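A.B. asks: Residue numbers (the working numbering), protein chains in the order written: chain R, 739 to 1097; chain U, 58 to 432; chain E, 50 to 374. Can you read through this structure? Questions will come right after.
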Amino acid sequence: MSAPVDGTRRDLGVALLRTMIRIRVLEEGIEKHFLGGEIPGFAHLSIGQEAVAAGTCANLRADDAIASTHRGHGHTLAKGTPMRGMVAELFARATGVCKGKGGSMHIADFSVGMLGANGVVAGGFGLVAGAALSAVQRKTDQVAVCFFGDGATNRGPFHENLNLCAVWNLPAIFVLENNQYASTTSTAETMKIADVSVRAAGYGMPSAIVDGFDAFAVYDAVGAAVARARGGGGPTFVECKTYRARGHYIGDPERYRQKSEVDDVMTASDPIVRMQGMLGEALSAAGFEQLWHDAREELADAVAFARSSPPPERDEAFFGAYAGDRDASDPVHAVESREREQFVPFAPNVGSGSQGSGH
Amino acid sequence: MPVEVVMPKLGLTMASGTIARWIKRPGEAVREGEPLVEVSTDKIAYEVESPATGTVARAAGGEGDEFACGEVIGLIALAGESDAPALVEAPRIAAEAPRIAAAGNGARVIASPAARRLARERGVALSAVRGSGPRGRITLSDVTAPIPVLRQAQDDTRTGALPPHLPASRRAIFRKMTEVALLPLAQVETAARVDAVKALIERRRDFGWTAFAVCAVARLLREHVELRTNAATGAAFGHIDIGVAADTPHGLIVPVVRNAEARSLAEIQREIVRLAALARDGTLSGDDVGGACFSISNVGPQGVERVAPLPDPPQTAILGIGAATQRPAIVDGALVPAWMLTCVVTFDHRFIDGAPAARFLAAFAAACADPGVLL
Amino acid sequence: MSFSDATLEAMREEMRRDPTVFLMGEDIAKQGGIFGQFKGLPQEFGFDRVRDTPISEAALVGAGVGAALTGCRPVVDMHFADFITCAMDEVVNQAAKLRYMFGEQCSVPMTLRAPDGITKSAGSQHSQALESWFVHTPGLEVVVPADAEDAKGLLKAAIRSDNPTLYFEHKALFPQKGAVPDDEDFVVPIGKAKTMRDGRDVAIVTYGITVGRAMEAAGALEADGIGATVINLRTVWPLDFDAIVDAVARTHRVVVAHEAVRVGGVGAEIAAWIGEHCFDELDAPVVRLGAAHVPVPFAPVLQEAIYPKAPMIADAARRLVRKEL
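Below is the structure:
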């Protein structure tokens, strides 16, 4: 349960709400445009989990790091990535934040410390352990946050990295979005424990369990963990009980659960509605509507930006894997250019007319 | 199965060869690699080695008989095999009949990629090369190995339509010149000032007049493409190989300086000396003759001022130079002694006109006056 | 100095030069490495910069990647190359791909040290040479030192490289002595081969411990009047194709040799490439030598039977020159 809202708490609540609404609008927009055929590949929506992203990232500086999952749009936006860059990336445009080379599952923005969504479940643990270790090596007070789901906690790197962070006392925070499902399997089928945080205890790491629909609760719990980490107190495990309101991926037929279950949970616990309730009169109906309006405008602008952006130049496919591969004097450039040459004659004569252009 | 002996293709333009004499006769034993039969073309005489160890089962044709390249001319029966079945007689080619287009016997030649490349560059026929690699593969060193050339063909064993007392050694030249007589040949001539060349020869002492001419001509032929037209194709020869007419105890031979445009004066001189020595000894290889795009005849060594030579088909032009002599010349109104060289270019007017020939000769004369520019 | 001392000197120099360089791995700090290759480092740089880790390869490599992403130059020691398999996701899906996937927003300047190779009956799980897997993975650089000079120069280059670099150091090379330049700025550039000796008759293109074996073979060939060029590739990705072309053009006969399994090895890439790009220079087929397609056995007599050594290399070269192949 959270404290009554006034003053700075109210401002925080509105900020959290703004972030959650922006995430919601973005995710619904992605759903619509994916189904409309404008987004290639896969997309995994985090509708229902907005409070975790918002509540966590509100505690972080731009130079703190986060690593995310395949379900990372909310984390990415909450950490400060511009919506234009995100939508353009999903639309596979050259103006995307990853120049069209990553897409939804590999979206990243290093300028705001977002070390990437990861297509490998549990891929983020090592990166966060490393980012935390890096802060210690460089003697800064930066912290690193790992977002992950219940499914990741059954993989080896979860255990190895939690252990390592605990024994080395690294400034890492592990934020579990326990949304009850790992793809099509519920947590009840894949682990014998009800609270994953007992695993943290197994590594000697302090933990907390919070209501993942309550953005204030998330904020407070993660805030404590961040303070501990920054102060040299080591890692913390924060388990957020939440729920995934959409399928594992867009297009998932969701044969593993009943629609009524989804409806019931969201009716009872939609984090946006929750925060609106908690703010009460501290936010007017008009103010609330304004937040939605602003978010929708922001999305519309981002979509227009994406649609009017060019696709990446075909030649871009062949460079960028190595530092130095655009430098003609670097041996890597020579070998990579050779590999590119065999494809040059097959460049289709359409689009930006970049056939054969190299670096 | 008996092993076939075929008429080899000894050069790019060779279409047929003539049996000069069978060294081994039917019934005689022969070892692989032993000389079996001597064949000749209008350029060279060549000993064909036996492809197998066994007995000569069949020697088709007799002396003077002509066969197309790739035709079977003999059979070697291997040890333990009975006499060869009847060899299908290859059709004889009448001496006056038109040349048959070259045809290999269709068998694949196994050669390493490097050997193929070198053979292509040198104009060496792989079918005439023995492979020393595994399974008879022709390797690089096989291509560069000299083919012993007994002598530049002087013997022409055909006897039809020849003056009765013409020495046998003149038959080939007789036939060639009869061919040349039909060509519309024209000439351009100039006296080139060669004081500078003479001075260079005396100062450097590492090249002579012929080498100078080869060097200058080769470089000029890069640009003056018409002068190296191939009469057989109508297009320019790809390689700039220069024939140098040489007088030897065996008669006229024209060894060839390969890729002359890429060689320095000193290199060309060394090559000419080398070829001359081989020519005198009668040991030029198949690599050393044939395939030239242009030839040079120099009668300077005989002390004579002028020669107007005839081109050697399929070449379409030739340069003749004489001895450099001191002659009176008028320079800026004054009478001065000048070293002069009389130069004649004879050309086949079907392919080359007077103006390009004259331009070429003028450029040659300019190179004589100022050798530094071209060299 | 010895190969292992050469690597130690490289570590010391690079850690002095750049405070963001740190080292972690199993049994390196207190023990100094099972080959003594880290002796004295924690005493000079502290146990924070030279860290012993739990037996957690995935975390070790993953943390290395994370640290590399965020301003450090970690050197991660794998103990045995065979254990890279326990961190394949971290090497292949993370380290190799992040720069590309994220549109060059980051780089991964991590060095992965991996003692590899056949020695002392270590058995099949401690004797592998896996470099071809990582040549096959776009985004990684792979270097294989052949002697003490390479050991120092390539390690410095790997640490300074902004790309994730795998450094395969053969266990049997650690005690081998060789001359090493004094200069602190001596670096062996990544992607450049070294011609160890020149000969006109045959070229032996190789790397790592096989370079020494090839040199031994070349000595025997010289006695037979056969001149062998020996090319020490030093880097197996990016490959120095110019050096390879040169050697083929000069000799027209090539043996490609390595200790790693012949099937699907780096030699296969080199041989195919030579066939594509140097076809007209070949006077004979390209011969590849590598270990047999079996796990490495334990008993010495069995272990020694399965990989190419000097006599086998010399024999292949001789047969090429004698036109038996």
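For glycine and all other residues, C-beta sits at the position ideal for the given N, C-alpha and C. Given the structure is predicted, the values throughout are model-derived calculations rather than measurements.
Using a Cβ cut-off of 8 Å, pull out every chain A residue sitting near residue 138 (chain E), in sequence order please.
C.D. replies: Absent here is chain A; the protein component of the structure consists of chains R, U and E.
A.B. asks: Rounded to the nearest angstrom, what separates residue 132 (chain E) and residue 189 (chain U) at their Cα positions?
C.D. replies: On the third sequence, residue 132 (chain E) is found 83 positions in, with the first residue counted as 1. On the second sequence, residue 189 (chain U) is found 132 positions in, with the first residue counted as 1. Between residue 132 (chain E) and residue 189 (chain U), the C-alpha separation is close to 50 Å.
A.B. asks: Alpha carbon to alpha carbon, what distance is there between residue 96 (chain U) and residue 72 (chain U)?
C.D. replies: Start at 1 with the first residue of the second sequence, and residue 72 (chain U) comes out as number 15. Start at 1 with the first residue of the second sequence, and residue 96 (chain U) comes out as number 39. C-alpha separation (whole angstroms): 13 Å.
A.B. asks: So what does DSSP say about residue 307 (chain E), is it helix, strand or coil?
C.D. replies: The residue you call residue 307 (chain E) lines up with position 258 of the third sequence. Three-state result, residue 307 (chain E): strand.
A.B. asks: So, at 6 Å on beta carbons, what are the nonlocal neighbours of residue 394 (chain U) in its own chain, with the 5 sequence-adjacent residues on each side left out?
C.D. replies: Here residue 394 (chain U) refers to the residue found at position 337 when the second sequence is read from its first residue. Counting only Cβ-Cβ distances below 6 Å, and skipping sequence neighbours, we find 383.
A.B. asks: Using a beta-carbon distance below 9 Å, is residue 329 (chain E) in contact with chain U?
C.D. replies: What you label residue 329 (chain E) is simply residue 280 of the third sequence in a count that begins at 1. True, the Cβ-Cβ gap to chain U drops below 9 Å.
A.B. asks: In chain order, what residues of the same chain lie with their CB nearer than 6 Å to the CB of residue 418 (chain E), ignoring the 5 residues before and after it?
C.D. replies: In the structure as shown, chain E begins at 50 and stops at 374. Residue 418 (chain E) is therefore absent and cannot be evaluated.
A.B. asks: Per DSSP, what kind of secondary structure is residue 783 (chain R) in: helix, strand or coil?
C.D. replies: Taking the first sequence and counting its residues from 1, one reaches residue 783 (chain R) at position 45. Note: residue 783 (chain R) maps to coil in three-state DSSP.
A.B. asks: How long is the line joining the alpha carbons of residue 312 (chain E) and residue 290 (chain E), rounded to whole angstroms?
C.D. replies: In the third sequence, residue 312 (chain E) corresponds to position 263, counting from 1. In the third sequence, residue 290 (chain E) corresponds to position 241, counting from 1. For residue 312 (chain E) and residue 290 (chain E), the distance between alpha carbons rounds to 21 Å.
A.B. asks: Could you pull the DSSP bridge partners for residue 377 (chain U) from this structure?
C.D. replies: Position 320 of the second sequence holds residue 377 (chain U). Paired residues: U:354 and U:401.
A.B. asks: What does the Cβ neighbour count give for residue 904 (chain R), buried or exposed, with the cut at 16 atoms within 10 Å?
C.D. replies: Residue numbering aside, residue 904 (chain R) sits at position 166 when the first sequence is read from its first letter. Residue 904 (chain R) is buried by the Cβ-count criterion.
A.B. asks: So the beta strand (DSSP E) residue 243 (chain U) belongs to, where does it begin and stop?
C.D. replies: Taking the first residue of the second sequence as position 1, residue 243 (chain U) is located at position 186. Counting along the chain, the beta strand (DSSP E) containing residue 243 (chain U) begins and ends at 242-250.
A.B. asks: Please identify, using Cβ separations under 7 Å, the residues of the segment 331-361 of chain E that lie next to chain U, in order along the chain.
C.D. replies: The segment 331-361 of chain E vs chain U, Cβ under 7 Å: 331, 332 and 333.
A.B. asks: Can you say whether residue 816 (chain R) is buried or exposed, counting buried as having 16 or more other CB atoms within 10 angstroms of its CB?
C.D. replies: For the purposes of this step, residue 816 (chain R) is identified with residue 78 of the first sequence, where counting begins at 1. By the 10 Å Cβ count, residue 816 (chain R) comes out buried.
A.B. asks: For residue 1060 (chain R), I'd like the list of residues in its chain whose CB is within less than 6 Å of its CB, leaving aside the five on either flank, ordered along the chain.
C.D. replies: Counting from one through the first sequence, the residue named residue 1060 (chain R) turns up at place 322. Excluding residues within five positions, the ones whose Cβ falls inside 6 Å are 1070.
A.B. asks: Enumerate in chain order the residues of its own chain whose CB-to-CB distance from residue 270 (chain E) is below 6 Å, with the five nearest sequence positions on each side excluded.
C.D. replies: Locating residue 270 (chain E) in the third sequence gives position 221, where the first residue counts as 1. The residues are 277, 363 and 366.
A.B. asks: Cα separation between residue 87 (chain E) and residue 245 (chain E)?
C.D. replies: For the purposes of this step, residue 87 (chain E) is taken as the residue at position 38 of the third sequence. For the purposes of this step, residue 245 (chain E) is taken as the residue at position 196 of the third sequence. For residue 87 (chain E) and residue 245 (chain E), the distance between alpha carbons rounds to 29 Å.
A.B. asks: Find the residues of chain U that neighbour residue 301 (chain E), judging by a C-beta separation of less than 7 Å, and give them in chain order.
C.D. replies: To locate residue 301 (chain E), count along the third sequence from 1; it is residue 252. The answer, in chain order, is 171 and 197.
A.B. asks: Starting from the beta carbon of residue 240 (chain E), find every residue of chain R whose beta carbon is closer than 9 Å, and list them in chain order.
C.D. replies: If you number the third sequence from 1, residue 240 (chain E) lands on position 191. Near residue 240 (chain E) (Cβ distances below 9 Å), the residues of chain R are 1068, 1069, 1070, 1072 and 1073.
A.B. asks: Which chain U residues sit within Cβ distance under 7 Å of residue 374 (chain E)?
C.D. replies: The count along the third sequence starts at 1 and reaches residue 374 (chain E) at position 325. Going along chain U in sequence order, the residues near residue 374 (chain E) (Cβ under 7 Å) are 191.
A.B. asks: Nearest-angstrom Cα distance between residue 342 (chain E) and residue 310 (chain E)?
C.D. replies: Here residue 342 (chain E) refers to the residue found at position 293 when the third sequence is read from its first residue. Here residue 310 (chain E) refers to the residue found at position 261 when the third sequence is read from its first residue. Rounded to whole angstroms, residue 342 (chain E) to residue 310 (chain E) spans 6 Å at the Cα level.
A.B. asks: For residue 58 (chain U), is the classification buried or exposed, using 16 other Cβ atoms within 10 angstroms of its Cβ as the cut-off for buried?
C.D. replies: The sequence position of residue 58 (chain U) within the second sequence is 1, counting from 1. Exposed, since its Cβ has fewer than 16 Cβ neighbours within 10 Å.
A.B. asks: Could you confirm whether any beta carbon from chain E is found closer than 9 Å to the beta carbon of residue 844 (chain R)?
C.D. replies: Here the question's residue 844 (chain R) lines up with position 106 in the first sequence. Yes - at least one Cβ of chain E is within 9 Å of the one on residue 844 (chain R).
A.B. asks: Which residues in chain E have a C-beta closer than 7 Å to the C-beta of residue 174 (chain U)? List them in chain order.
C.D. replies: In the second sequence, counting from the first residue as 1, residue 174 (chain U) sits at position 117. Within 7 Å Cβ-Cβ: 329.
A.B. asks: How long is the line joining the alpha carbons of residue 319 (chain E) and residue 297 (chain E), rounded to whole angstroms?
C.D. replies: Position 270 of the third sequence holds residue 319 (chain E). Position 248 of the third sequence holds residue 297 (chain E). Looking at the two C-alpha atoms, the distance is approximately 12 Å.
A.B. asks: Is the CB-CB distance between residue 338 (chain U) and residue 312 (chain U) below 9 Å?
C.D. replies: As a working mapping, residue 338 (chain U) is identified with position 281 in the second sequence. As a working mapping, residue 312 (chain U) is identified with position 255 in the second sequence. In this structure, residue 312 (chain U) does not lie closer than 9 Å to residue 338 (chain U) by Cβ.
A.B. asks: Mind checking whether residue 282 (chain E) and residue 193 (chain E) have CB atoms under 9 Å apart?
C.D. replies: Locating residue 282 (chain E) in the third sequence gives position 233, where the first residue counts as 1. Locating residue 193 (chain E) in the third sequence gives position 144, where the first residue counts as 1. Yes, the Cβ-Cβ distance between residue 282 (chain E) and residue 193 (chain E) is below 9 Å.
A.B. asks: For residue 834 (chain R) and residue 844 (chain R), which I take to be in contact (beta-carbon distance under 8 Å), what is that distance rounded to the nearest angstrom?
C.D. replies: The residue given as residue 834 (chain R) occupies position 96 in the first sequence. The residue given as residue 844 (chain R) occupies position 106 in the first sequence. In fact, because the Cβ distance is near 11 Å, the residues do not count as touching under 8 Å.
A.B. asks: Roughly how many angstroms lie between the CA atoms of residue 145 (chain E) and residue 188 (chain E), to the nearest whole one?
C.D. replies: As a working note, residue 145 (chain E) is residue 96 in the third sequence. As a working note, residue 188 (chain E) is residue 139 in the third sequence. When rounded, the distance between both Cα atoms is 4 Å.
A.B. asks: Could you tell me the alpha carbon to alpha carbon distance between residue 149 (chain E) and residue 297 (chain U), rounded to whole angstroms?
C.D. replies: Reading the third sequence from its first residue, position 100 is the one you call residue 149 (chain E). Reading the second sequence from its first residue, position 240 is the one you call residue 297 (chain U). Answer to the nearest angstrom: the Cα atoms are 52 Å apart.
A.B. asks: Kindly list the residues whose CB is nearer than 6 Å to the CB of residue 957 (chain R), restricted to its own chain and excluding five residues on each side of it in sequence; keep chain order.
C.D. replies: Along the first sequence, read from residue 1 onward, the residue named residue 957 (chain R) stands at position 219. For residue 957 (chain R), where only same-chain residues beyond five positions count, the Cβ hits under 6 Å are 793 and 796.
A.B. asks: What residue range does the beta strand (DSSP E) around residue 277 (chain E) cover?
C.D. replies: Position 228 of the third sequence holds residue 277 (chain E). Start and end: 277-281.
A.B. asks: Does any residue of chain E bring its CB to less than 9 Å from the CB of residue 363 (chain U)?
C.D. replies: Taking the first residue of the second sequence as position 1, residue 363 (chain U) is located at position 306. Residue 363 (chain U) does not count as touching chain E.
A.B. asks: Report yes or no: is there a C-beta of chain R within less than 9 Å of the C-beta of residue 112 (chain E)?
C.D. replies: By one-based count along the third sequence, residue 112 (chain E) stands at place 63. At least one chain R Cβ lies under 9 Å of residue 112 (chain E).
A.B. asks: Measure the C-alpha to C-alpha separation of residue 242 (chain U) and residue 412 (chain U) and round it to an integer number of angstroms.
C.D. replies: Stepping through the second sequence from its first residue, residue 242 (chain U) is reached at position 185. Stepping through the second sequence from its first residue, residue 412 (chain U) is reached at position 355. Approximately 14 Å between the Cα atoms of the pair.
A.B. asks: The alpha helix (DSSP H) that contains residue 761 (chain R), what's its start and end?
C.D. replies: Walking along the first sequence from the start, residue 761 (chain R) turns up at place 23. First-last of the alpha helix (DSSP H) with residue 761 (chain R): 745-773.
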